[in-house]
Structures are given as structure tokens and as C-alpha cells.
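All remarks here apply to the structure that follows.
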Amino acid sequence: MSSERIITVRALTRVEGEGALHVRLDGDEVEDVRLSIYEAPRFFEAFLRERSIEDVPDLTARICGICPVAYQMSSVHALEAALGITITPTIRRLRRLMYCGEWIESHSLHVFLLHAADFFGCASGIELARQFPQQVNDGLQIKQAGNALLEVLGGRAIHPVNVRIGGFHRLPAAGELTALLPKLREARSAAIAAADWIAEFEFPACEFECEWVALTHPDEYPMNAGLIGSTRFPAIEVDEFEDHFEETQVHHSTALHATRRERQTPYLLGPLSRLNLNRDRLRKPAREIAQRLLPQRVIHNRFLSIAARLVEIVHCLDEAIESIQDYRAEGEASCRYAARSGRGCAATEAPRGTLYHAYEISDDGRVRRAKIVPPTSQNQRQIETDLAHFLPAVLDQPDDQIALSCEKLIRSYDPCISCSTHFLKLTMERR
Amino acid sequence: MNHFPEKEKQRLAVFKLASCDGCQLSLLNCEDELLALADRLEIVHFLEASSRFGPGPFDLALVEGSVSTPEHIERIREIRRQSRILITIGACATSGGIQSLRNWGDHEEFLSCVYAHPDYIQTLATSTAIADHVRVDFELRGCPIDRNQLLEVLKSYLQGRKPRLPTHSVCVECKRRGTVCIAVASDQPCLGPITQAGCGAICPAFERACYGCFGPCGQANGKSLSEHYVKNGVPARRVMESLRHVNAAAELFQIESDRIEREHLASHRDR
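Rendered as C-alpha cells:
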């Protein structure tokens, strides 16, 4: 006979958006783990229909205030594919520079203000700042450098206004960008120093094998071009995405779940996936930090994502500095195009992982169909699977400690729940 | 005007309904200034930033997001009951936000467009401003809000005064920046003349039309502006859609976009 027990923990915190976790236990057996996303649906894919394709990057940015650039990038690349536009090398490099700004901003927010607190029993970045004022201040400085980059390239850090199909509304003047160099160099030193701090963290064991998926590119650390790579299966072209991955609706979540179409198996996206598949394409200083903090060829410990984020911050700061030094404001701000009917898709690397957009457009330049598959909804099934594997090791703890441990694991994925276009309160049922 | 007791720290809570989290991020972006306010303000509930959450009542509540589910109506009523001052932040909270575009669509059809099992989903057919449901003490506009405006609002309530924020149009900000007028010098339907200042007139500075992130300004004449654009050859549908954007359901923008649809587009769908 087993005793029945239900434990409820309220909303998950230090994640973007809203959701809950429900765990059902029978003795020491984990019967069911459900991540419930209760973020209200906002119907982007529905209201994008019949809109002018010109409006799409400004509209899709509003899916997420933490990674608006990712939504703008996936949407313009997908629409450019539909229109047959090839962007110029200058525009391509400026888009990577803009993505660097968002990765720096989003990752430093998560590393220093949201995630690091978990390794010291603090409830917030502000509490952590009392123990580690220097590190948290450095983190804020890094974040401000990312914000400043977005402000120059896009007018503002949240919902920038400069991205359009074919390029930008206006190219930045070289002087606007070079003025950022001192700030970026200081941020780079601060990020490299933070590696010593993170090297001392105690990382809980969490080594579950899984499939890691991210863009891969032969010459560069992937952001907005490449194949969809995997640690288990051959890489595929982006336009084969829907043949290999599918979204299904589950009762407990307003975000759709994604799995491999054929085997119904979950997979994981994000900074660890990118690192596992693209380590050799990191710039040298970032690669050296990766070798120190993350020496294994394939990293499975989910808690090490904080180190992967730091590695990517260092990479982005180096790339940003170099891109700015090389930049000349030459050529057209955007490529001209004529509307035509067609279908196009693109995947780019949002800070939290691969973000897929597909559009069908009409010859009068309007959206006929839009499909948006955000990283957090793709990660959902694997997060549930990981929690089921993780729970047995912590079941001897009191219920509130179990809840805390689960929440920490969930935070390591940096789930962005508001991105779930189509996330956490914990309830535990014990029998 | 509500006055706070002088000595103790004011209890601040941050909540969200349907939104992108961008306006809460603007608060997180106030790092340095927030630390400076820390002796006057205690953040007791801010899920995006802290795992500690305190119970009400609150002296000051900042609410992001629009009312778009039956549960939101219950929650905002409870937040109102618990809060001395309730300030709504951002286009979602002050006008219904981008998701108010559903207000012009067929809700059942929208549900089945996104979800295989629409019956699992509980939503309202409309996305509306918080002030449509409860009394609101101050509405801070923007998509996203401007951090300096947010700091002014926080400081003003700590000092027991009304926030001093401009209600004039984006045009004033363009003139201050010395930006060439988009409405005059290009063929783009710029909403600057009828949009409230606050963003710093960034779109025209990037050589593109304002799309109304801060909602309608005081004494805006929407009809006069859109008729000017239509007369100068901008397709009526384009003018209508520029109004049906992040502040689609802000009263003046809504009235004007509906008028354009009725008077210019109803008979022959201008596609």
C-alpha cells in the first residue's frame, strides 16, 4: 500500500513567460511529468495571414521581447527565400552583428541576473549581487554592451525598428559603430574574467543522453545560415525541416510540442546544442574557455548551459569587435525586389535555439500562410523527459526541495515561455 | 492623489497577462537606477526576476499584458483589490496590444488555424486594455515602454505627484532631432503626426515611417492625416494596416482604421 500525497508549488520564476510543472509519483516511480504552458495564445500565425509581407518583421518581433531580433531574422530570411532575394555580404555581416548584440544581451541577462543565483541559493540576481557585487556588475556591463549594439543597429534594444526584407532601412554610419568599441572591449575583458568565476561553480550531476540539434555551418559559428545538424542523425537542409520534425498539440499546454516526425523522439536546442555541433567554429578565445569549462567533446550536463552561454558571449564580443573594425557603410541599405508568389522558409539561431519560420506568399506581396516553430516549444518534450530522469535522484529530499531542484533544472534551459506562440507552477501528486 | 506613508519602503509588484515580456525587461534594464531606488522601493513580486514572491497588499503594481482569457479577468480584478496604485505598462496593457488584431478576425477560425484541438484552449474572442476591466491609476504607453519614462513614473508615485510625460506627437521629437520629415519627403504613411512622443522618434531617424508604438497623441486628427495620404496616392489599405498594428485597438486608431475600411475598402476590396 502506498501513501497518497499531492504537493503544489506555485509559478516557476526567473523564466520569461508563464507556466507550471505537474509531477505524479507512485512511491518512487515517476509516473508523469507535465510542463504546462499557460501563457495565453496570441494567434500570430492566424493574424499574419493577408498582411503585407513588409509588416512581418515588425509584427513577429512582438512574439518575444527577450529575443525580438531572432524573430525578425527568421522572418526576413524566410521571406527572402520566397522572393528569391540574395542579400549582400555587407548586409549579411551586419545581421550577424545584430544577432551578436541580442545573444550578448539575452545570455548575460540569463547568466548573471537569472541563472547564477541558483548556484548560491539566492532568490534573484539582486540578492546574488550582495555576495558577488563585482561579478553581477560585470554582467550588467556586458548586457549594456549588447543593448548598445542593438540601439545603434536597430534604434532600440527591445523591438528594434531597422530590419526589413532585403536588408535594413538605413545602414549605420561607421562612426556610430566604432564609438561602441571601448564598451565592447571592456565587456570582453569582463566576460573572460567571468570564466574564472563560473569555473568554481558546483554543477549538479545531470548527464542524460539526448539528441542535440542546431544549425551547423562549415565556416562560421551558426547564426542565420547553415544546415540543421544533429548529434544523432545526418544534417538536413532547412527546407526539409517539416519532413523531419513535427508539432503536436497536447492537452496540458498552449505551446505545441515538437518531436522527430518518424520516431516521435524529443530533442534539445540551444547554446549547448550549438557548442556540441560547432565547437571548432568558435573564435580562439571562446574556444579556449570552452576547452577549460566544457572539456568533453559532447556535453550532456544541462546545468553546464551557463558556461556555454558565457562561451558564446565571448565569441560574440570578439566577432562584434572585428566586424565593426572591418565595417564600411557602402552599398544599398536593402536589396530591391518585386513581389511574387512563392514559398520560403528559414531557420536561424535564437539565443535559446533554432527558430524556424515558413511563409507562403501571394503575387501581391501578402502572407497566405505562416508557420512559426519557436525553440522553447521544441524543447518542451525533452525537458519533461529530462525531469523524469532527474527526479529519482532527488526524491529523498523534502517536497519543497524537490520542487526547487526541478525549477533549477528547468531554468538551465532558459525557457522563454512568452515565445511559445502557439510556460511554470509545480504540482506534485504522490501515491 | 494617493500619498504613501513617508518612512517605510513601498511594496512594488510586477504582473503580466498576455504579452511578450518586453516591458518587464525594460524594468530589468533599469538596473542601476533600480538599485538607487532600493531604499524607497521593495520589489516583493516580480516572477521574471526573483524566486521570492510576497503576498499582497501592494503599494504599487505594474501590470504588463492585455486581457485575453477568462482567467485574466479574474486575475486583474484580484490584482486591483490587492494594489493601492495600479499602473499599466506597454501597448498590450494600455490598448490590447498586437494580439488585439484578433478582434477583427473570426475567433473560432483563428483557434483552428493554430491548434489541432481548439477545445483545449480557453481564450476570449477579444484582447483588450486593462482599463476596460478595472480602474487604472496611470497608463504608460509604448511597445516597448521607454525606461526613462518608466523611471519617471516610479519616482513620481514615490513623491506623491503625477508623472510628467509628454502628450504631444512624435513630430516634436523629430524636429528636436533634426530628422527630415518622412510624411512630407517620402511616400510612406508616417503615423508620427498622430502618435504620442516617447520613443525618441527612432523610426524616422532610420528613414522609415512611424508605426504608432506609443498610441494616439492628444488632439490627434486621424481622418485628416489618412485622407492626406490617400489623396497623395498611398493605397487606403496600407494606411489602414499601419493603424492596425501594435496599438490597433487604441480608440482613435481603431475608429480611424474602421472608417478607412468602411469608406475606402468596403465596396471593392482594394488588394
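Those sequence lines, one after another, are chains G and H.
Taking my numbering, the leading residue of the first sequence gets 1, the next gets one more, and so forth.
Taking my numbering, the leading residue of the second sequence gets 1, the next gets one more, and so forth.
Quick reminder that beta carbons are idealized off the backbone N, C-alpha and C, glycines included.
It should be emphasised that the depicted structure is a prediction, and the values quoted were computed from it without experimental measurement.
Applying a beta-carbon distance threshold of less than 9 Å, which residues of chain G neighbour residue i?
| i | result |
| --- | --- |
| Leu12(H) | Going along chain G, no residue has its Cβ under 9 Å from Leu12(H), so there is no contact; the nearest lies around 12 Å. |
| His72(H) | Ala40 |
| Cys23(H) | Gly65 and Ile158 |
| Tyr211(H) | Asp55, Asp58 and Val161 |
So residue i and residue j are supposed to be a Cβ contact under 8 Å. How far apart are they, rounded?
| i | j | result |
| --- | --- | --- |
| Ser19(H) | Gly142(H) | Not quite, the Cβ-Cβ distance comes to about 12 Å (not below 8 Å), so this is no contact. |
| Val170(H) | Cys210(H) | 5 Å |
| Val234(H) | Pro189(H) | 5 Å |
| His107(G) | Arg309(G) | 4 Å |
| Leu154(H) | Leu41(H) | 7 Å |
| Gln122(H) | Thr69(H) | 6 Å |
| Gly215(H) | Ala183(H) | The pair is not a contact, with the Cβ atoms about 18 Å apart (cut-off 8 Å). |
| Phe390(G) | Leu404(G) | Not a contact, Cβ separation roughly 13 Å. |
| Phe233(G) | Tyr356(G) | Their Cβ separation, rounded to whole angstroms, is 16 Å, which puts Phe233(G) and Tyr356(G) out of contact at 8 Å. |
| Trp34(G) | Glu384(G) | The question names Trp, but residue 34(G) is Arg in the sequence shown. About 7 Å separates the two Cβ atoms, so the contact holds. |
| Tyr359(G) | Ile165(G) | So it is not a contact: roughly 11 Å between Cβ atoms. |
For residue i, which of the options has the nearest alpha-carbon?
| i | options | result |
| --- | --- | --- |
| Arg352(G) | Cys67(G), Val367(G), Thr60(G) and Cys406(G) | Cys67(G) |
| Leu62(H) | Ala49(H), Leu140(H) and Leu158(H) | Leu140(H) |
| Thr354(G) | His389(G), Cys406(G) and Gln378(G) | Gln378(G) |
| Leu150(G) | Gln397(G), Arg366(G), Ala194(G) and Leu317(G) | Leu317(G) |
| Ala174(G) | Ser405(G), Ile324(G), Asp364(G) and Ala339(G) | Ile324(G) |
| Glu80(G) | Gln249(G), Ala145(G), Val56(G) and Trp212(G) | Val56(G) |
| Ser224(H) | Phe253(H), Glu42(H), Pro55(H) and Arg102(H) | Phe253(H) |
| Asp196(G) | Arg185(G), Ile289(G) and Ala129(G) | Ile289(G) |
| Ser226(H) | Glu48(H), Ala125(H), Ile202(H) and Ile260(H) | Ile260(H) |
| Pro55(H) | Ala13(H), Gly65(H) and Ala38(H) | Ala13(H) |
| Ser66(H) | Ser83(H), Phe58(H), Ala91(H) and Leu47(H) | Ala91(H) |
| Glu322(G) | Arg185(G), Ala333(G), Ala46(G) and Glu384(G) | Arg185(G) |
| Ala194(G) | Ala116(G), Thr348(G), Glu360(G) and Ala78(G) | Ala116(G) |
| Ala116(H) | Gly342(G), Trp212(G), His251(G) and His217(G) | His251(G) |
| Ala78(G) | Gln131(G), Gln380(G), Leu268(G) and Val367(G) | Val367(G) |
| Val213(G) | Phe47(G), Thr231(G), Asp386(G) and Arg283(G) | Thr231(G) |
May I ask you to list the residues that DSSP assigns as paired with residue i?
| i | result |
| --- | --- |
| Thr259(G) | Glu246(G) |
| Cys345(G) | Ala358(G) |
| Phe46(H) | Val14(H) |
| Thr88(H) | Val63(H) and Glu139(H) |
| Arg92(G) | Answer is none; Arg92(G) lacks a bridge partner. |
| Ala179(G) | Answer by DSSP bridge pairing: none, since Ala179(G) is not bridged. |
| Asp32(G) | Arg24(G) |
| Lys371(G) | Ala358(G) |
| Phe168(G) | Val163(G) |
| Gly229(G) | Ala214(G) |
| Ser305(G) | Answer is none; Ser305(G) lacks a bridge partner. |
| Arg366(G) | Ser52(G) |
| Ser83(H) | Phe58(H) |
| Leu41(H) | Gln10(H) |
| Ala129(G) | DSSP lists no partner for Ala129(G). |
For residue i, return the contacting residues in chain G, with the cut-off set at a CB-CB distance below 8 Å.
| i | result |
| --- | --- |
| Glu241(H) | Arg51, Ser52 and Asp55 |
| His117(H) | Gln249 and His251 |
| Gln196(H) | Correct list: empty, because the minimum Cβ distance to chain G is about 16 Å. |
| Thr88(H) | Those within 8 Å of Thr88(H) in chain G number zero; the least Cβ separation is about 16 Å. |
| Gly160(H) | What Gly160(H) touches in chain G: nothing, since even the nearest Cβ is about 26 Å away. |
| Leu17(H) | Ala40 |
| Thr123(H) | Ala40 and Pro41 |
| Cys143(H) | Arg62 and His159 |
| Thr69(H) | Ala40 |
For a contact meaning CB atoms closer than 7 Å, what does residue i contact in chain G?
| i | result |
| --- | --- |
| Ser95(H) | Under the 7 Å cutoff, chain G gives no residues; its nearest Cβ is about 13 Å from Ser95(H). |
| Thr126(H) | Correct list: empty, because the minimum Cβ distance to chain G is about 12 Å. |
| Pro163(H) | Ordered by position in chain G, no residue passes the 7 Å Cβ test against Pro163(H), which lies about 20 Å from the chain. |
| Ser26(H) | Ile158 |
| Gly105(H) | Ala46 and Phe47 |
| Tyr229(H) | None at all; the shortest Cβ gap to chain G is about 15 Å. |
| Ser169(H) | Neighbours of Ser169(H) on chain G: none; closest Cβ ~17 Å, over 7 Å. |
Just the chain H side, please: which residues come within less than 9 Å of residue i by C-beta, in chain order?
| i | result |
| --- | --- |
| His169(G) | Cys203, Phe206, Glu207 and Arg208 |
| Asn147(G) | Asn29 |
| Leu59(G) | Ile98, Leu101, His245 and Val246 |
| Leu35(G) | Chain H residues near Leu35(G): none, gap ~15 Å exceeds 9 Å. |
| Gly155(G) | Cys199, Gly200, Ile202, Cys203, Ala205 and Phe206 |
In chain H, which residues lie with their C-beta within 7 Å of the C-beta of residue i?
| i | result |
| --- | --- |
| Phe43(G) | Gln99, Arg102, Phe110 and Val114 |
Name the chain H residues that come within less than 8 Å of residue i, Cβ to Cβ?
| i | result |
| --- | --- |
| Leu140(G) | Glu31 and Asp32 |
| Gly344(G) | Those within 8 Å of Gly344(G) in chain H number zero; the least Cβ separation is about 20 Å. |
Counting only runs that start and end within the region 34-62 of chain G, where is the alpha helix (DSSP H) found for 4 or more residues in a row?
Within the region 34-62 of chain G, the complete alpha helix (DSSP H) segments of 4 residues or longer fall at 44-47 and 56-61, listed in chain order.
What alpha helix (DSSP H) runs, 4 residues minimum, are completely inside the region 155-228 of chain H?
Here the runs fully enclosed are 170-177, 182-185 and 202-205.
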